[in-house]
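As they're listed, the protein sequences go chains A and B. Every position in the first sequence, counted from 1, becomes a number in the working numbering once 1 is added. Numbering follows the working numbering, in which position 103 of the second sequence is assigned residue number 91; successive positions increment by one, without gaps. Quick reminder that beta carbons are idealized off the backbone N, C-alpha and C, glycines included. Below is one structure; the comments refer to it alone.
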Amino acid sequence: MSVQIWTYLFVGASFSLYLGIAWWSRVRTTQGFYVAGRGVPAAANGMATAADWMSAASFISMAGLVSTMGYAGGVYLMGWTGGFVLLALLLAPYLRKFGHYTVPDFMGDRYESKLVRLVAIICALFVSFTYVAGQMRGVGVVFSRFLEVDVNIGVIIGMVIVFIYATLGGMKGITWTQVAQYWVLITAFLVPAIAISIKLTGTGIPQLGLGSDLQGTAVSLLSRLDGIQQEFGFGPYTEPFIGQWDKVNVFFVALALMVGTAGLPHVIVRFYTVKSPKAARWSGFWALFFISLLYLTAPAISGFARFYMLDSLNGAKEQDLPDWFKSWEQTGLILWFDDGDGTVRYTGNSDNEIFRAGALTGPELAKIARQHQQWIDTDGAKGVNARPLMNEMGLNGPDRDIIVLATPEMAELSNWIIAFMAAGGLAAALSTASGLLLVISSSVAHDLYFKIMNPKATEKQRLLVGRGTIGVAVVIAGLFGIYPPGFVGQVVAFAFGFAAASFFPVIVLGIFWKRVGTIPALCGMVAGLGITAFYVISVVFFDMPQWTLGLTDQGIDPQGFGTVGMFVNLAVTIGLTPLFPAPSEKVQALIDQVREPEGWSPPINIDESAEH
Amino acid sequence: MPPPPPESPPQALDPAYESQILKSYWRRNIILMLILLSIWAAAGLGCGILFADTLNQYTLPGTGYPLGFWFAQQGSIIVFVFLILIYALIMNRLDRSHMADRTRSRAGKEAAQ
């Protein structure tokens, strides 16, 4: 059977599974809608958190990113896992004991201020919307690449599916579909990785394979890769601190990603769905365990694919190019502009012949290709050499997405595995999108509508507003997916920095230092977020030279500036605290209660407490 | 007044003793947290970044991984998983033992009355 028929089969089957789960787990109460009735077992919550966390970007793009960055790719691997340690140790059990629905809930009650709640709502909405737009685009891209339908139709199909299961089941439906989505995505990721590991190193465990010798030789794959990288004008793969990724920048970006991960609302909110603080601790462990299965495999795929590409493409003639090259050439993920000798050269120098289409449209690309062909045919007399042109646009090297998408073909796997990757990519994008939509819904329906605008709303009204918000949010997210605003792609990389500079320090201090009052916390958040936003916006949009802070000649990468913002936030909050009044007796008692062992006082039942 | 049952601690139910239990629980929690977070920083930010260039001169025994590279792409993640596992195991035991202290103290108090 062809790849396409297999793809329809897998995508159809997985979508029916998600809808079936949604029908089975439909809910009628707000508690079921926002926190799945707090009855999710720790291991299942761990899987759901893992699927929630691993987006289309983790599944499709991350391995490619590591593949081109080498050692420095570890920034993303460490950053996006290290944050879970902070989350599990500093936040999850306490927030669960506090027993609310959302992050703004905690901020508003701990700091006794509607303004703090409002700032938290705006931050949560901002982060969620920039994120969800990327996911919807991811759904469309997977559809268009594997099923050859229009990107926009893909986005609309994705919207309809998410809308059905998110409105029917709320958090409960989302949780159990995420559990199913986790297994789809992890299987789709592991099978090709294992196959290519066996092919290159003879080891069935990719993590060991990356550190082993090449099949049939006594040379280790990584040292051969280092050699081959240098031979073709790239820096050695395993060598740290090359180019703009010096020690200070690697450190700052990694720390900003870690702290930002711990401050992202759609991850934190998952810990509200379990039975108890004990279960929250366990589900922190399960979450990182399940995430690590993918995050430990991705660098292996990166190394294998990097070696395989450099090794098999360089020196290849037209007729001996592999099949995967030809099939992905059509999508523009990889392009070859020959210099006239009929031999491929993929290098880090100016003689490189491998490019990608990037944001070029079909007609633009066709024109470039036509003129290049003319340039070759006439020996440079007419036409335009495409290579300097592409270099200028920064389009040298293949698209990073190809690393994961083409791995099954590189490993010469059967058609059904290739089709299964499509279902895996869709699972990754849909699971993250649905988690974010729920955060948007709870921020609007619970925090804004119920807690600020209409505190007398009945259960039925609240559910209706919650479901309605998801509907509206799906449509907005879909529109972002169809007409991607240019700034989204640029901004999403900085969402972590904003979360690191705003939420994290204030939540942690709120739990661990009773004395912190409203005004210092507010000033800290504004200062941290303000300086980070100022730096990112000035550098990215207004070409401000990067600050060095006396630490690095390279200047601080805007992605890593969240680390600076976090320290500013901490310094302002801690510095101002002694000058302003302590929180009220009531809040202090509440913090004491959060610090007790489980079961010491009766659990705080927020639905029955008077002020709710 | 009958003597307290042998399994109960000398103090019967009194707020001072209970707040002492709470204090000891919180203190141990903080100590555990600080230890685990230092390992977190040492493995990820230390071995994976700050000392990566030095560590890269060695390879992970038995493999072809340069050590600094291994910490950045594999080792630190493995350490992170174990840190959360240890935290969950020890904290859940702390929860149980401190609750048991209180139960014993209250049982002693009831027997005393």
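Can you name, in chain order, every residue of its own chain whose Cβ lies under 6 Å from the Cβ of residue 266 of chain A, other than the five neighbours on each side?
104, 125, 440
Whose C-alpha, out of A/594, A/584, A/599, A/593, is nearest the C-alpha of residue 112 of chain A?
The residue with the shortest Cα to Cα distance from residue 112 of chain A is A/584.
In the DSSP assignment, the alpha helix (DSSP H) including residue 351 of chain A goes from what residue to what residue?
No alpha helix (DSSP H) holds residue 351 of chain A; DSSP gives it neither H nor E.
Report all residues from its chain with a CB closer than 7 Å to the CB of residue 102 of chain A; omit the five preceding and five following residues, and keep chain order.
35, 36, 273, 443, 447
Going by DSSP, name the residue or residues bridged to residue 318 of chain A.
A/344
Run through chain B and tell me which residues come within less than 9 Å of residue 82 of chain A, C-beta to C-beta.
32, 64, 65, 68, 69
In the DSSP output, what is residue 356 of chain A paired with across the bridge?
A/336, A/397
Short-range partners of chain B found in the stretch 227 to 261 of chain A, where Cβ spacing is below 9 Å:
227, 238, 239, 240, 241, 242, 248, 251, 252, 255, 256, 259
Decide if residue 550 of chain A is buried, meaning its Cβ has at least 16 other Cβ atoms within 10 Å, or exposed.
exposed
Please specify which runs of the beta strand (DSSP E), each continuous and at least 3 residues long, are wholly inside the stretch 180 to 221 of chain A, giving them in chain order.
Along the stretch 180 to 221 of chain A, the beta strand (DSSP E) does not occur as any fully enclosed run of 3 or more residues.
Could you tell me whether the Cβ of residue 96 of chain B comes closer than 9 Å to any Cβ of chain A?
no
Kindly list, in the order they appear in chain B, the residues whose Cβ is closer than 8 Å to that of residue 214 of chain A.
Under the 8 Å cutoff, chain B gives 52.
For residue 507 of chain A, which of A/9, A/522, A/92 has the nearest alpha-carbon?
A/522
Quick one: does residue 41 of chain B have its CB under 9 Å from some CB of chain A?
yes
Just checking: is the beta-carbon of residue 466 of chain A within a distance shorter than 9 Å of some beta-carbon in chain B?
no
Residue-chain proximity (residue 13 of chain B, chain A), Cβ-Cβ < 9 Å
yes
Tell me whether the stretch 220 to 233 of chain A and the stretch 298 to 309 of chain A touch, counting them as touching only if at least three CB pairs, one residue from each stretch, are closer than 8 Å.
yes
Cut-off 6 Å between Cβ atoms - residues of its own chain near residue 13 of chain A, not counting five sequence neighbours on either side
If we look at residue 13 of chain A and ignore the five residues flanking it on each side, it has no Cβ neighbours.
Under 9 Å between beta-carbons, which chain B residues line up against residue 72 of chain A? List them in chain order, please.
40, 44, 54, 56, 57, 60, 61
Can you find the residues in the same chain that come closer than 6 Å, C-beta to C-beta, to residue 68 of chain A, ignoring five residues on each side of it along the sequence?
Correct list, in chain order: 303, 306, 307, 404.
So for residue 54 of chain B, helix, strand or coil by DSSP?
Note: residue 54 of chain B maps to strand in three-state DSSP.
Return the first residue and the last residue of the alpha helix (DSSP H) that residue 35 of chain A is part of.
31 to 36
Proximity below 9 Å, CB of residue 183 of chain A to CB of residue 58 of chain A:
no
Same chain only: Cβ atoms within 6 Å of residue 83 of chain B, ignoring 5 sequence neighbours per side:
Within the same chain, and ignoring the five residues on either side of residue 83 of chain B in sequence, no residue has its Cβ closer than 6 Å to its Cβ.
Are the C-beta of residue 598 of chain A and some C-beta of chain B separated by less than 9 Å?
yes
In chain A, what lies closer than 7 Å to residue 75 of chain B by C-beta?
Result: 89, 90, 282.
Three or more beta-carbon pairs under 8 Å between the stretch 322 to 339 of chain A and the stretch 404 to 413 of chain A, yes or no?
yes
Thinking residue 589 of chain A and residue 515 of chain A are a contact (beta carbons under 8 Å), I'd like their distance in whole angstroms, please.
6 Å
Endpoints, the alpha helix (DSSP H) within which residue 124 of chain A is located
115 to 148
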